[in-house]
Amino acid sequence: MAEGFAAALAQAGRETQGLLRERLAGHDLPVARAMEHAVAGGKGLRGFLVLEGARLHGVAREAALLPAAGIEALHAYSLVHDDLPAMDDDDLRRGRPTVHVAWDEATAILAGDALQTLAFELCADPDVGPHRADLCLSLARAAGIAGMVGGQARDIMAETAAMPLDIDQITVLQQGKTGALIRWSAEAGAVMAGADPRPLGRYAAALGLAFQIADDILDVEGDAAKLGKAVRKDAGAGKATFVSLLGLDAAKTRAAELVEGACDALSPYGAEAATLRDAARFVIARDN
């Protein structure tokens, strides 16, 4: 991992988690502790993308930190609900017990609900600036039926489908389930500045798909201890993945091609986008 990117990613993680802890401080309900548990320990890639996009467009870091923390809260909500027995039924997330295991299912559902509403609270904060309504509208679309929730619904349907998904269907599924929030994160800084988000959107579209292919590869080759979650679940469930359809080597080649495409999309920003290029390369080189 490039040194500059590693430092920027770590700093973004510290700042977003710090802001989320501040917002939850003073609440003595168990659900608040469950929310803190859910947001801790992640890579913070989505918040990092918000902050980097904002930097490229001259948006103050203090303003950008609000939606950066917001997208991390929304991502955490999606993981809390995804881990529930009614969905993936996972006991481990980020190397720790999942929220419904550490507390109970009712608390996990409420924690996820509250993290989602916190995300919109942060994005709608007056300090975000004059384009905060645009941020909230685009986040609602990225998180809802046309984005993440729709992708998750397709994933659930695929588990009982008569025929496994083909490569085009999996691509559509993952563009919603994983890609929509990554794209929102990358475009948020441009939206805050009232600038054209399309170059960052093209970058994020390639990045999001490469990220999911890398996840599929890690499910096959990864170390559960490093990943902090179970591995080889997809194969055990008979799920079609990029690896099962393309083969391991071809999946790696496709991910590398997508990363190059993501880097090329950043050409309007020149050398200023070096950290975002490193982020794209990190996506397929990571081990967790």
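For reference, each letter of the sequence shown is one residue, going 1 to 288 in the numbering used here.
Virtual Cβ for every residue (Gly too), placed ideally from N, Cα, C.
* State buried or exposed for Ile182, treating a residue as buried only when at least 16 other CB atoms are found within 10 Å of its CB. => So Ile182 counts as buried.
* Cut-off 7 angstroms between Cβ atoms - residues of its own chain near Arg23, not counting five sequence neighbours on either side -> Leaving aside the five residues that flank Arg23 on each side, the residues in its chain whose CB is nearer than 7 angstroms to its CB run, in chain order, Leu118.
* Asked: In chain order, what residues of the same chain have a beta carbon less than 8 angstroms from the beta carbon of Ala108, not counting five sequence neighbours either side?
  -> Closer than 8 angstroms at Cβ, skipping near neighbours: Ala34, Val80, His81, Asp83, Leu84, Thr98, Val99, His100.
* **Sequence-distant residues of its chain with Cβ nearer than 6 angstroms to Ala255 (five each side left out)** => Around Ala255: Ala210, Ile213, Ala214, Ile284.
* Asked: Near Arg61, what residues of its chain come up, given a Cβ to Cβ distance below 6 angstroms and the 5 sequence neighbours on each side ignored?
  -> Excluding the 5 residues flanking it on each side, Arg61 has no same chain C-beta neighbour closer than 6 angstroms.
* **contact_flag[the stretch 168–178, the stretch 239–247] where n(CB pairs < 8 angstroms) is 3 or more** => With the cut-off at 8 angstroms, the stretch 168–178 and the stretch 239–247 touch.
* Mind pulling the alpha helix (DSSP H) runs of 4 or more residues that sit fully within the stretch 46–118? -> Complete alpha helix (DSSP H) runs here, min 4: 61–82, 99–102.
* DSSP on Leu29, reduced to helix/strand/coil? -> In the structure shown, Leu29 sits in coil (DSSP, three-state: anything other than H, G, I, E or B).
* For Val257, the first and last residue of its enclosing alpha helix (DSSP H) -> Checking the sequence, you will find Glu at residue 257 rather than Val. First-last of the alpha helix (DSSP H) with Glu257: 248–265.
* **From Ser185, Ala73, Leu122, residue whose alpha carbon lies closest to that of Pro197** => Pro197 has its Cα closest to that of Ser185, out of Ser185, Ala73, Leu122.
* To do: With Leu200 as the anchor, note down where its alpha helix (DSSP H) starts and where it stops.
  => Counting along the chain, the alpha helix (DSSP H) containing Leu200 begins and ends at 198–221.
* Asked: Can you tell which of Leu139, Gly189, Glu272 has its C-alpha closest to the C-alpha of Gly179?
  -> Looking only at Leu139, Gly189, Glu272, the smallest Cα-Cα distance to Gly179 is reached by Leu139.
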